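Read left to right, the sequence shown gives residues 1 to 222 (my numbering).
The block underneath contains the structure these notes are about, expressed in structure tokens.
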Amino acid sequence: MYIDKKEVLRYLGHKNQIIQEQLNLLIDQCIEEVKQYTKPKYTFGVFDIKKNDEGVELLESNLIFKGKDIKEHLKNSDMCAVMAVTLGSLVDSKIRYYEKFNLTKAVIWDSCASVLIEKICDEAECEIRKIAKNIDLGITYRYSPGYGDFPIDIQEKILNTLQAQKNIGLTATENSILIPRKSVTAVIGFQDKSITSEHPGCTVCSNYETCEYRRGGDYCVN
Numbered sequence: 001m002y003i004d005k006k007e008v009l010r011y012l013g014h015k016n017q018i019i020q021e022q023l024n025l026l027i028d029q030c031i032e033e034v035k036q037y038t039k040p041k042y043t044f045g046v047f048d049i050k051k052n053d054e055g056v057e058l059l060e061s062n063l064i065f066k067g068k069d070i071k072e073h074l075k076n077s078d079m080c081a082v083m084a085v086t087l088g089s090l091v092d093s094k095i096r097y098y099e100k101f102n103l104t105k106a107v108i109w110d111s112c113a114s115v116l117i118e119k120i121c122d123e124a125e126c127e128i129r130k131i132a133k134n135i136d137l138g139i140t141y142r143y144s145p146g147y148g149d150f151p152i153d154i155q156e157k158i159l160n161t162l163q164a165q166k167n168i169g170l171t172a173t174e175n176s177i178l179i180p181r182k183s184v185t186a187v188i189g190f191q192d193k194s195i196t197s198e199h200p201g202c203t204v205c206s207n208y209e210t211c212e213y214r215r216g217g218d219y220c221v222n
């Protein structure tokens, strides 16, 4: 597992300032620790889809995606993949531990884990891309519950459909918060490979108004 230190620093709000040696060593230490305690897993399913007035129905499942934005995301698709990714519960436990005893280390750990979850998402997406390529199709970018008007309360149904608790130990609270916290679900459409899908960026994010990265002129990896 590789954690890009430059991305970790970006999450930490680094703006090319000089980093004290002690802090630099602590970041390196945290990167190695996160890799040691991470148990990354992912699972996904591929579904034929049907669009109607109610939303996007995933055939042979109980999933119906509602909202104009997810329908727009899948407008060129007759199939989609639904993925779930997690770094495992040990990462959450260590972050909570450091929040009590070493807040600086907790923040660095959190940043390292955020970079790593994106890398694991990329790995899952790469596998999905290969499946699409085998049937002469391309794929869209990832689109997650909470983006735009795609309701976050679909999380539990996604996890149930993927048997995510059994397969990767991923669950959701009654408020649709993923547990472990360093986890992601997302939808990827299969479409003609000649179509280029451009990610709409920060405007679709449910944290658009409150995002600390955007206020600082930056962005998160998601």
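Glycine included, C-beta positions come from ideal geometry on N, C-alpha and C.
All of these numbers come straight from a predicted model, not from anything done at the bench.
Straight-line gap, residue i to residue j (C-alpha atoms, nearest Å)
i: residue 217; j: residue 148; result: Its pLDDT being 43, under 50, residue 217 is placed unreliably in this model, and the value from its coordinates should be taken loosely. Each residue's Cα considered, the two are about 21 Å apart.
i: residue 87; j: residue 154; result: 21 Å
i: residue 46; j: residue 22; result: 47 Å
i: residue 179; j: residue 128; result: 24 Å
i: residue 126; j: residue 110; result: 25 Å
i: residue 181; j: residue 90; result: 11 Å
i: residue 17; j: residue 114; result: 22 Å
i: residue 19; j: residue 29; result: 15 Å
i: residue 116; j: residue 36; result: 12 Å
i: residue 64; j: residue 132; result: 22 Å
i: residue 164; j: residue 195; result: 31 Å
i: residue 34; j: residue 44; result: 24 Å
i: residue 10; j: residue 107; result: 12 Å
i: residue 54; j: residue 160; result: 21 Å
i: residue 72; j: residue 112; result: 33 Å
i: residue 150; j: residue 56; result: 11 Å
i: residue 8; j: residue 85; result: 20 Å
i: residue 58; j: residue 166; result: 21 Å
i: residue 81; j: residue 124; result: 10 Å
i: residue 98; j: residue 105; result: 6 Å
Residue i classed as buried or exposed, judged by whether at least 16 other C-beta atoms fall within 10 angstroms
i: residue 103; result: exposed
i: residue 13; result: exposed
i: residue 2; result: exposed
i: residue 39; result: exposed
i: residue 101; result: exposed
i: residue 162; result: buried
i: residue 170; result: buried
i: residue 15; result: exposed
i: residue 130; result: exposed
Presumed contact (8 Å Cβ cut-off) between residue i and residue j, rounded CB distance
i: residue 187; j: residue 70; result: 7 Å
i: residue 190; j: residue 152; result: The pair is not a contact, with the Cβ atoms about 24 Å apart (cut-off 8 Å).
i: residue 79; j: residue 185; result: Incorrect: roughly 18 Å between the Cβ atoms, too far for contact.
i: residue 41; j: residue 168; result: 4 Å
i: residue 136; j: residue 193; result: 7 Å
i: residue 5; j: residue 31; result: 7 Å
Terminal residues of the alpha helix (DSSP H) in which residue i lies
i: residue 191; result: Counting along the chain, residue 191 falls outside any alpha helix (DSSP H), though it belongs to the beta strand (DSSP E) covering 183-191.
i: residue 12; result: No alpha helix (DSSP H) contains residue 12, which DSSP labels as neither H nor E.
i: residue 25; result: 21-37
i: residue 2; result: Per DSSP, residue 2 belongs to no alpha helix (DSSP H) and is neither H nor E.
i: residue 110; result: 103-134
i: residue 160; result: 155-162
i: residue 71; result: 68-73
First through last residue of the beta strand (DSSP E) which encompasses residue i
i: residue 143; result: Where residue 143 is concerned, there is no enclosing beta strand (DSSP E), given that its DSSP letter is neither H nor E.
i: residue 86; result: 79-86
i: residue 48; result: 41-52
i: residue 57; result: 55-58
Heavy atom of the ligand ADP within 7 Å of residue i beta-carbon
i: residue 62; result: With respect to small molecules bound, the structure shown includes none, and the ligand ADP cannot be examined in it.
For the 8 Å Cβ check, are there 3 or more pairs between the stretch 164-175 and the stretch 93-100?
The stretch 93-100 and the stretch 164-175 do not touch, with fewer than three beta-carbon pairs separated by less than 8 Å.
Would the stretch 136-145 and the stretch 29-49 be scored as touching if the rule is three or more Cβ pairs under 8 Å?
Verdict: no, contact absent.
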